[in-house]
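Below: the structure, in structure tokens.
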Amino acid sequence: MQLESMYQDIILDHYRNPHHKGLRDPFDTEVHHVNPVCGDEVTLRVTLKDVGGEAVVEDVSYDTLGCSISQASASVMSDLVIGKPVGEAMTISQAFLELMQSKGEGQPDEDVLEDAVAFAGVSKYPARIKCALLGWMAWKDATARAMEGTQ
Amino acid sequence: MSAYPEHLDVEAVRADFPALARKVRNDKPLIYLDSGATSQKPIQVLDAERSCYELHNGAAHRGTHLLGEEATDVYEGARAKVAAFLGAGVGEIVFTKNATEAINLVAYALSAPGQLQVRPGDEILITEMEHHANLVPWQQLCERTGATLRWLSVTPEGRLDLDHLDSMITGRTRIVAVTHQSNVTGTVPPVAEIARAAHEKGALVLADAAQSVPHQPVDVAALGVDFLAFSAHKMLGPYGIGVLFGRAELLEAMPPFLTGGSMIEVVRMEGSTFLPPPQRFEPGVPAVAQAAGLAAAVDYLNALGMGNVAAHEESLTAHALDGLREINGVRILGPDTTKDRGGAVSFEVEGVHPHDVGQVLDELGIAVRTGHHCAWPLHRALGVQASTRASFYVYNTHDEVAALADGIRYAQRFFGTG
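As given, the protein sequences belong to chains A and B, one line each in that order.
For the record, in the first sequence the residue sitting at position 100 is 82 according to the numbering used here, with numbers rising by one throughout.
For the record, in the second sequence the residue sitting at position 100 is 127 according to the numbering used here, with numbers rising by one throughout.
Have a look at this one:
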């Protein structure tokens, strides 16, 4: 069975015990993203702070309705971006997107993606890539809007 | 499986479907339980389409050469076959791209200038149970015309709430559009009764038969509907062709939807006139090979007998309902008996998202549908975000139904809920 290659323990752990879940105040921007194929939803809030002239992700809070992959991915994403400068977090987001588009051939850099390397197996299943990207796309959207607000 | 009667020689049927012989993930045999999305195709249909391209490939309804004449015969022969299958007149069968286009054609005709045109303040009545294909076109019609969209609600058991049917159909109701079999719950609403009530108030009736024509005997006169729409690919036929049945006098009164070649009478720079139905609604070079495939599908189903097809699916559905009911944590959406119910069985598995259920089943070679199945409002009405759906057809076996139940238990164990 190849199920374990998709549902790695790291993914199931994040699914059962998601990090940073729940919507928190205050926040700079809130977005609501939907996967129209299945109706999965995420509401996500971003708070940025200025650290010496550089925008840093202070907090990401979210609420999700969705499958194990989408929930675990949002949890891993929040771990990866909270506390990072926006520029660096966007680079990580891009690396994750490229991994998801790799059709199972990607060689993820664990130093960059940390727990998110566990999603490499998901990229072999086209129907599930959107699940893994739902939280990331919401974060990217919310952060871009927050950046517009600070300019 | 003596508890569930057999009505078809399923092994003989299966031998006609090449796809059913293939292996899927993990070298498992395919267990195809997604015919509600699209059916598999028998060699008879594939052969009909192929021979049309090999022998009769000419543009129908034009030219003077033999191939064109043969293509016309194939195309018009398919129309006659479909008409007989439904108890309709030959001129009442319009070939479209699919059921979705057929419904859009009617919704367009009701908003375009002409005697059927809907006015501001008129009402369109649909139901909460509809597939998006029989819902969004009516929302759009209302936006274009200023008409009001109303809908019948769904009971917690997944039946249509008909208690208020008489008050929901008013003197302003212009058309009642209702599914003849839900693609989610399998519910078969009493379309004939709804049609009688609608006609008493002067409203037209359209049945979305995408899930009924493939699975049960359908006679348009007995149903009493004015329009009926379905797709070939869900009834063993090819993609890219569907059918709109429309009563002759209504089609006659309707303006064209898509326009261009093949549907005109006279074209001048100042304006054009159009052919009578059904050609008025079939612009462009006809999909002759697809029509040939659809005709072969009708032949195939007729040879099995639609009564036997329905009985076979009822037997599988009874088995599935019994099997799922026994699993702790599984909730069946919709009617839990086979009465007035077809062979789409949707369910939720407590603690396991449908995507994850579907993924585990896929690893076992079992193909099901997951998500909202293009019926988002119905899912909302039933209090679920998404579901898993198994749907059955002529080639499914009781062993496959049993494998579905085993697969769900396996998913529960995998995610630690069972």
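Glycine included, every Cβ here is placed at the ideal spot set by N, Cα and C.
The structure displayed is predicted, hence computed values, not measured ones.
Comparing alpha-carbon positions, the option among A:G48, A:P18, A:V39 and A:I111 lying closest to D10 (chain A) turns out to be A:V39. Think of a sphere of 8 Å around the beta carbon of F441 (chain B): the chain A residues whose beta carbon falls inside it are L(-15) and Y(-11), in chain order. Looking at the backbone, the Cα of V379 (chain B) and that of E23 (chain A) are separated by about 16 Å. D22 (chain A) is bridged by DSSP to A:N17.
Inclusion of V68 (chain A) and E36 (chain A) in the CB contact set at 9 Å is warranted, their separation being smaller than that value. The three-state secondary structure of L285 (chain B), taken from DSSP, is coil. With contacts defined by Cβ atoms closer than 9 Å, Y107 (chain A) and S50 (chain A) do not form a contacting pair. It is roughly 9 Å from the alpha-carbon of T127 (chain B) to the alpha-carbon of D235 (chain B). Three or more beta-carbon pairs separated by less than 8 Å link the segment 357 to 374 of chain B to the segment 212 to 231 of chain B, which places the two stretches in contact. Inter-segment contact for the segment 149 to 157 of chain B and the segment 113 to 125 of chain B is absent: fewer than three beta-carbon pairs are separated by less than 8 Å.
For H380 (chain B), the chain A residues whose Cβ falls inside 7 Å of its Cβ are G48, C49 and S50, in order along the chain. Nearest C-alpha to R307 (chain B) among B:L60, B:V294, B:A330 and B:P283: B:P283. Annotated three-state conformation of V372 (chain B) is strand, per DSSP. Contact check for L168 (chain B) against A134 (chain B) passes: the beta carbons are separated by less than 9 Å. A Cβ of chain B is located within less than 9 Å of the beta carbon of L(-6) (chain A). Beta-bridge partners assigned by DSSP to V181 (chain B): B:L187. R352 (chain B) sits exposed, since fewer than 16 C-beta atoms from the chains shown fall within 10 Å of its C-beta.
Of all residues in the segment 411 to 435 of chain B, only Q412 and A413 come within less than 7 Å of chain A when Cβ atoms are compared, listed by chain position.
The contact set of N210 (chain B) on chain A, defined by CB atoms closer than 8 Å, is empty, because the minimum CB distance reaches about 15 Å. Q166 (chain B) has a beta carbon lying at 9 Å or more from every beta carbon in chain A.
Neighbourhood of G86 (chain A) in chain B, by CB distance below 8 Å: empty, with the nearest CB roughly 13 Å away.
Straight through space, the alpha carbons of W165 (chain B) and G104 (chain B) are spaced by roughly 32 Å.
As for any beta strand (DSSP E) of minimum length 3 sitting wholly inside the segment 69 to 114 of chain B, there is none. Put simply, the segment 277 to 296 of chain B does not touch the segment 244 to 251 of chain B. Fewer than three CB pairs are less than 8 Å apart. When the five nearest sequence neighbours on each side are left out, the beta carbons in the same chain lying within less than 8 Å of the beta carbon of L278 (chain B) are those of G118, E119, V121, P304, P305, R307 and F308, in order along the chain. For G320 (chain B), the enclosing alpha helix (DSSP H) covers residues V315 to L331. Neighbours of T65 (chain B) across chain A, judged by C-beta separation under 8 Å, do not exist; the nearest C-beta is about 16 Å away.
Judged by beta-carbon spacing, L409 (chain B) lies within the 9 Å limit of G185 (chain B), meaning their Cβ atoms are closer than that value. Counting along the chain, the unbroken beta strand (DSSP E) around E40 (chain A) starts and ends at E36 to L47. According to the DSSP assignment, I153 (chain B) belongs to the beta strand (DSSP E) that extends over E150 to T154. With contacts defined as CB atoms closer than 9 Å, Q(-10) (chain A) and A100 (chain A) qualify as a contacting pair. Of A:D123, A:G48 and A:K66, the smallest CA-CA separation from V33 (chain A) is found for A:K66. Under the Cβ criterion (8 Å, minimum of three pairs), the segment 135 to 143 of chain B does not count as touching the segment 89 to 107 of chain B. Listed in chain order, the positions of the segment -2 to 30 of chain A with a beta carbon within less than 7 Å of a beta carbon of chain B are V19, C20 and G21. For E70 (chain A), the enclosing alpha helix (DSSP H) has its first and last residue at V68 to M82. In the structure shown, the three-state DSSP call for L30 (chain A) is strand.
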